[in-house]
Amino acid sequence: MSMSMHVSTFKDSTTFTLRESFLTGMKDGPHILTPKRSISIDGLQWWIDYQSSFCLDSGKEYLSMYLCVNQAVKATYTFAVDGSSISRKLTHEFTKPDDWGYPCFASHEQLRPIFRNGKLTITCKVEFEVMEPVISVPRVCQLFEHVPTDVELVIGSDRVPVHKNFITMISPVFQAMITHNTTESESGEIEITEFDFATVKAAIDICYGRESPKMPIEAVIGILCFCDRYVITAVINELEKLILFKLSVENFCTIVEYAYDCNKESLLTACHNYFKTNQKKIKVTKQFAKLPPRLVRAVLKAAFGLKTDYDVLRHAHKNGMEFVMTYLEQFLINSMTMDHFCTAVNFAWGYSRQDLKKACVKYFNDNRDEVLSLNTFYMLHSQTIGNLMKTSYFAK
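In UniProt numbering, the protein residues as written are 1 to 396.
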C-alpha cells in the first residue's frame, strides 16, 4: 500500500451589502469582517476583511478588500461589485493564517454612482486548492504475488497462467468448468478456441488489475466479447462505460455490432440514438457497408421508428443503402404472402426494383384468382395494375 498526494478543489462564495454611509467621512475606517465560512476540509475557514482607507499616493479614498484564511492554502478568488464592471481576480498561496487582497480595490469616486437606495452588493467567489493524501489500494495481482498459479488457459501453443480460486470467483462459467468432475478440473487446463492469445491475456490482465496499455476500440471489443462469453460481469460493466464514452463515427460499426451480437440493450439504445443524429456521416463509411444487413435493418427500425420492412426499404432507398435494399428484397421475395403482395407490387413499380417485379409477376401468375379477389389490389394505382398485368401476360 502506498500514499500519494492529490490536489482537490473546493469552491465557495459569499455576498455582502455595503452601505453608502460606510464611505462617508472615513479616510481610514475600521476593519469590517464578514461571517466566517467553513469548507468541507479539515478546519478551513475563510472570510472577507474590508475597510475604507486613504491612499497617500493618489490622494483618494478607496475601499480595501482582503480574503482571510485560518490556515495554509492556495486560493484563487474574485471580488466583484454586482451590477458593474468593477471586478478583480488574483491567486495567492497562503503559507499560514493570513489575509491578502487589494488595499485599493475601488475608489469611493468609482463606487458612489453604483449605489441604489444607499446600498450595493459585493460578491467574492473563491476556489481553494488543497493537497490531500491518497491511499493507493493494492491491485489484485499484488495480493496474489506469493501464491503460485494452478490453472492455465490454453490458446493454441500459448498459455495464460491463472489462480483457480480467483477465476472461479469472477466467472460462473470457469467455476462450472473447474469445480465439477470435468476434463478441465483434472488437467488444470482450459482450452480456449474462440479468442486469440492477445485478447485472452489482455482480459485476464484487466481482471487481475495489471497495468494495461492504451488499446484500440477493436481490442476493447474483443475483451468484452471474451468477458461476455465467460460472464465476467464486473469487467463488462466498466468497459462498456468506456466504449460508450468513446462512441464516434469511426468506431460506431464496431460498437453496434458488439451490442447487437451480445444483446446489450442499453448500449444498443445509445447506438440507435447516435446513428439517428449521425446517419449521413456513418452511412458513407466502408465499415457500414460491411455490417450484416439484418443488423442495419434493426438499427434503422429503432432509430427512426420504422414499423415494417417496406418502411425500411423506403428509408434505405432514400438514403442510398443499396446493400440493405438487396438483402431485404431477397428476404421479401422468399417470404412473399398474400397479405403483403400489394405492398410489394407498389414498391417494386414505384422504385423500379426489377428482381422484386419478377417475383411479384410470378406470385401473381401462381395465385391469380386469390390476388384478384383482394380489395387492396384494386386500391393500387391503375398504371401499376396495368404494368403488372401486362408483364404477367408476357411472362406466361
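Even glycine gets a Cβ: it sits at the ideal position worked out from N, Cα and C.
Just so you know, these numbers come straight off a predicted model, no measurement behind them.
Take the Cβ of residue i as the centre, count every other Cβ of all protein chains shown within 10 Å, and call the residue buried at 16 or more, exposed below.
{"i": "residue 77", "result": "buried"}
{"i": "residue 32", "result": "exposed"}
{"i": "residue 226", "result": "buried"}
{"i": "residue 147", "result": "exposed"}
{"i": "residue 109", "result": "exposed"}
{"i": "residue 13", "result": "exposed"}
{"i": "residue 294", "result": "exposed"}
{"i": "residue 378", "result": "exposed"}
{"i": "residue 398", "result": "Absent from the structure is residue 398, since the part of the chain shown begins at 1 and ends at 396."}
{"i": "residue 19", "result": "exposed"}
{"i": "residue 353", "result": "buried"}
{"i": "residue 1", "result": "Because residue 1 sits at a pLDDT of 46, beneath the cut-off of 50, its placement in the model cannot be relied upon, and the point is left open."}
{"i": "residue 126", "result": "buried"}
{"i": "residue 61", "result": "buried"}
{"i": "residue 17", "result": "exposed"}
{"i": "residue 321", "result": "buried"}
{"i": "residue 9", "result": "exposed"}
{"i": "residue 242", "result": "exposed"}
{"i": "residue 382", "result": "exposed"}
{"i": "residue 63", "result": "buried"}
{"i": "residue 246", "result": "exposed"}
{"i": "residue 101", "result": "buried"}
{"i": "residue 153", "result": "buried"}
{"i": "residue 372", "result": "exposed"}
{"i": "residue 361", "result": "buried"}
{"i": "residue 264", "result": "buried"}
{"i": "residue 284", "result": "exposed"}
Is residue j closer than 8 Å to residue i when the C-beta atoms are compared?
{"i": "residue 123", "j": "residue 98", "result": "no"}
{"i": "residue 359", "j": "residue 336", "result": "yes"}
{"i": "residue 171", "j": "residue 232", "result": "yes"}
{"i": "residue 262", "j": "residue 228", "result": "yes"}
{"i": "residue 164", "j": "residue 178", "result": "yes"}
{"i": "residue 144", "j": "residue 39", "result": "no"}
{"i": "residue 274", "j": "residue 268", "result": "no"}
{"i": "residue 220", "j": "residue 239", "result": "yes"}
{"i": "residue 73", "j": "residue 7", "result": "no"}
{"i": "residue 94", "j": "residue 75", "result": "yes"}
{"i": "residue 312", "j": "residue 328", "result": "yes"}
{"i": "residue 298", "j": "residue 323", "result": "no"}
{"i": "residue 23", "j": "residue 52", "result": "yes"}
{"i": "residue 391", "j": "residue 342", "result": "no"}
{"i": "residue 388", "j": "residue 345", "result": "yes"}
{"i": "residue 349", "j": "residue 384", "result": "yes"}
{"i": "residue 182", "j": "residue 175", "result": "no"}
{"i": "residue 199", "j": "residue 223", "result": "yes"}
{"i": "residue 173", "j": "residue 162", "result": "no"}
{"i": "residue 300", "j": "residue 270", "result": "no"}
{"i": "residue 160", "j": "residue 204", "result": "yes"}
{"i": "residue 21", "j": "residue 118", "result": "yes"}
Which stretch, first to last residue, makes up the alpha helix (DSSP H) that contains residue i?
{"i": "residue 369", "result": "368-372"}
{"i": "residue 177", "result": "172-179"}
{"i": "residue 235", "result": "233-245"}
{"i": "residue 266", "result": "265-282"}
{"i": "residue 329", "result": "322-334"}
{"i": "residue 295", "result": "293-304"}
{"i": "residue 218", "result": "217-229"}
{"i": "residue 345", "result": "338-350"}
{"i": "residue 258", "result": "252-261"}
{"i": "residue 286", "result": "286-289"}
8 Å is my cut-off, CB to CB: does residue i come that close to chain B?
{"i": "residue 208", "result": "Among the chains of the structure shown, chain B does not appear; only one protein chain is present."}
Report back the beta-carbon spacing between residue i and residue j to the nearest angstrom; my notes put them in contact at under 8 Å.
{"i": "residue 48", "j": "residue 65", "result": "7 Å"}
{"i": "residue 208", "j": "residue 141", "result": "4 Å"}
{"i": "residue 158", "j": "residue 197", "result": "4 Å"}
{"i": "residue 121", "j": "residue 15", "result": "5 Å"}
{"i": "residue 249", "j": "residue 281", "result": "5 Å"}
{"i": "residue 235", "j": "residue 206", "result": "6 Å"}
{"i": "residue 287", "j": "residue 319", "result": "Not confirmed; about 16 Å, so no contact."}
{"i": "residue 303", "j": "residue 340", "result": "Residue 303 to residue 340, Cβ: 23 Å. No contact."}
{"i": "residue 347", "j": "residue 356", "result": "7 Å"}
Locate the beta strand (DSSP E) running through residue i, then write down its first and last residues.
{"i": "residue 311", "result": "Segment 309-318 is the alpha helix (DSSP H) holding residue 311; no beta strand (DSSP E) there."}
{"i": "residue 49", "result": "45-55"}
*asked:* What ranges does the beta strand (DSSP E) occupy inside the region 7-41, keeping only unbroken runs of at least 3 residues that lie completely in it?
replied: none
*Fully enclosed by the region 68-142, which alpha helix (DSSP H) runs are 4 residues long or longer?*
108-111
*Mind listing, in chain order, the continuous alpha helix (DSSP H) runs of no fewer than 4 residues lying wholly within the UniProt domain "BTB" (149-208)?*
164-170, 172-179, 183-187, 197-208
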